[in-house]
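Reading through the structure tokens given below for one structure.
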Amino acid sequence: MAGKHASVIAWSRDANPSRGEYGEPTTLFVVGDVPDME
Numbered sequence: 080m081a082g083k084h085a086s087v088i089a090w091s092r093d094a095n096p097s098r099g100e101y102g103e104p105t106t107l108f109v110v111g112d113v114p115d116m117e
């Protein structure tokens, strides 16, 4: 993907949608200029 796009970010987080609980995202991989999402 990184060869076809200006930037790539892969992330993961724990979630329990039935309870509406979502953990903090963890960045797994970044290539290119990715803006701060905060």
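In the numbering used here, the protein residues as written are 80 to 117.
All C-beta atoms, glycine included, are put in the ideal place defined by N, C-alpha and C.
From the listed residues A85, S86 and Y101, the smallest Cα separation to R92 is found for Y101. The continuous stretches of beta strand (DSSP E) do not include A85, and DSSP gives it neither H nor E.
If you look at V113, you'll find it isn't in any beta strand (DSSP E); DSSP assigns it neither H nor E. Looking at the DSSP output, E100 shares a beta bridge with N95.
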